[in-house]
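Residue numbers (mature numbering (1 follows the signal peptide of the UniProt record, and there is no 0)): -23 to -1, 1 to 490.
Positions of the beta carbon are idealized from the N, C-alpha and C atoms, including for glycine.
All values derive from a computational prediction rather than experimental measurement.
Reading through the structure tokens given below for one structure.
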Amino acid sequence: MSRAMVSLLVLAVLVLPPVPATTATVTTARRNCPDTCGYHLIPFPFGVGPSCSLPGFNLTCAVDKQTNDSHPMLGNSMLEVSFPSDVPDSYLFTTSISYTVKMIPGVRDYSIHWEAPARPFAISGWSNISLFVVGCGVRASLFIDNSAVEAGNCSVVCAEAQVMEKLTVGTCDAMVGLGCCFIDIQVNLRAFTLDISRINGSPSSKQVQAYMSDSMDPSFTPIGAYSGFQYSGTVQLDWSIPYQPKLPNCKRAMEDKESYACISNHSKCEDSPIGGYICYCQSGAMEGNAYIYGGCHNPPAYDSIQPRADCPTSCNNVSTPFPFGTELGCFAKPHLYLKCIPTAALPVLQLTDRTLVTDISIGGGVLQIHGISEPDDFMSDSDHPLYALSGEGERRMVKWAIDNMTCEHAKMNKSDYRCFSTHSDCVDVTDDRTLRHIGYRCKCSSGFEGNPYLQDACTDTNECHQPDKYICKGICQNSFGSYTCTSCPRGTDFNSVMGKCKPTTIILVLLLD
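So this is what it looks like as structure tokens:
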């Protein structure tokens, strides 16, 4: 008797038309193509619009209906692009590949199919990715594309609830297969088929969940295999200039100058582990974009003791004082570089892809920010060790340090000590939440104001011109680095309205009998 079969064709992302395997003239970046999407810069070979990208690298600038923010998406898919830098070889494509299969009484076999969003992309067999299966009483078999070539299999069963409750949370033992099992991905996958079959005589769950990830969901509990609790993970897709039968690697690709994508001088080609190739600028002496003419260039000196004379001083209405800057030669350290992004409305000052700067306080050592994402998503300590989130709600700020040294050690390093102005002091900076030492920053000494990172930029504060801050109910006299306040002379009183001493007004009252 033939067994019942349910076929589930599920695409995590929509599939773009395949790139023809024939050789074609290389597309180059066009001047009339948009180079931004919202707050994101988009360099070639990616692009938005017709003929603005290499085949398979087209992006769609999608608008979030709730936030009205624009985000680059791959083709017409739901795969959002993450931009950690302006260098295309470091772009990350992260997606969720997760499926829930409802187990139907009397149906034994189920099938799931996934395809990458375009030919340049694949799950790499060199990555640390596994397919996790959560459920009871099933066998999972993973096949390359739609073929009969099996990439791996595993089985998952369940014991009594009392046993399942005692198993370790957040781990999956593939050898035991209680509540979960996994298949390590050791081959490149541009498409796969996952067959799930019931195991005869084994208790089964009402549903089975399968998802790709580099680790088991830490919230996983073996007993959850019975309850149908939802687990998830993400996968990073690798990309390359797609493999073509006539151009399988760099050596062959370089022979066809018309389609060779590494067109910049000082660029190099490397074979990709997923097939095809990737273009880089020659290491050490060069950086930039190897996919455009003149894209690889000598790296400038990122550290600037003092800024260029022609540095921009603002982005729209936000002042950008040194040590921050928006151009090379204008910021003191690489982590103090801010992006001034032109948008359809006005330019915006960007700290990260999802964080805008609205004000910079040199004296206070904080950035006022507007976060597009939640505060917890702001930045990790490992990625931005010289920044720390502070404050809550609408008063969110970022504390910053110019270097990770303590003041004690920084003062010993005279060649790189950044409290450059006379009459400046060093301040140790700590994270308000963790009390972790971040580094040091500079401020003008008491009685002085200005920019301590510039030569002789801490100047005397005239406290007498700031009566709201420096209260003196008498005669104020400024001095270098300080001020004095003496009582009003005899016969005078301090007039708070006029802010100075005025002759005492005597009111005589004549009493008549």
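| Asked | Found |
| --- | --- |
| So does the segment 173 to 180 actually touch the segment 91 to 98, counting three or more Cβ pairs closer than 8 Å? | no |
| Of the choices P480, C157, D194 and N45, whose alpha-carbon is the least far from that of D470? | P480 |
| Quick one: what's got a C-beta closer than 7 Å to S291's C-beta in the same chain, skipping five residues either side? | T297 |
| Rounded to a whole number of angstroms, what is the C-alpha to C-alpha distance between L333 and I318? | 10 Å |
| Excluding the 5 residues preceding and the 5 following I200 in the sequence, name in chain order all residues of the same chain whose CB lies nearer than 6 Å to its CB. | M141 and E142 |
| With DSSP collapsed to three states, give me the class of H243. | coil |
| Measure from the alpha carbon of D122 to the alpha carbon of each residue in C449, D172, Q283 and S28, then state which is nearest. | D172 |
| May I ask you to list the residues that DSSP assigns as paired with R116? | S132 and S174 |
| Would you list the residues sitting across from E264 in a DSSP beta bridge? | H274 |
| If you reduce the DSSP assignment to three classes, tell me which class Q184 lands in. | strand |
| Roughly how many angstroms separate the alpha carbons of C465 and H400, rounded to a whole number? | 32 Å |
| Helix, strand or coil for P362? Go by DSSP, reduced to three states. | coil |
| If we count the other Cβ atoms within 10 Å of its Cβ and call it buried at 16 or more, is I160 buried or exposed? | buried |
| State whether the segment 108 to 128 contacts the segment 229 to 237, with contact taken as three or more CB pairs (one from each stretch) at a distance under 8 Å. | no |
| Identify every run of the beta strand (DSSP E) within the segment 384 to 419, keeping only runs that are complete inside it and at least 3 residues long; order them along the chain. | 401 to 407 |
| What separation, rounded to the nearest whole angstrom, lies between the Cα atoms of R85 and M189? | 23 Å |
| Per DSSP, which one or two residues make a beta bridge with F98? | W216 |
| Under three-state DSSP, which class holds V164? | coil |
| Could you give the first and the last residue of the continuous beta strand (DSSP E) run that contains V140? | Segment A138 to M141 is the alpha helix (DSSP H) holding V140; no beta strand (DSSP E) there. |
| So what's K376 in DSSP terms, helix, strand or just coil? | strand |
| Hey, would you say G427 sits closer than 8 Å to C419, going by beta carbons? | no |
| So, for A321: in the same chain, excluding its five sequence neighbours on each side, which residues have a beta-carbon less than 6 Å away from its beta-carbon? | In this predicted model, A321 has a pLDDT of only 49, less than 50, meaning its place in the structure is not dependable; the value taken from the coordinates is given anyway. If we look at A321 and ignore the five residues flanking it on each side, it has no Cβ neighbours. |
| Thinking C-alpha only, which one of A125, C396, Q213 and K316 is nearest L431? | C396 |
| Which residue comes first and which comes last in the alpha helix (DSSP H) that contains C227? | C227 to A230 |
| Can you say whether S182 is buried or exposed, counting buried as having 16 or more other CB atoms within 10 angstroms of its CB? | buried |
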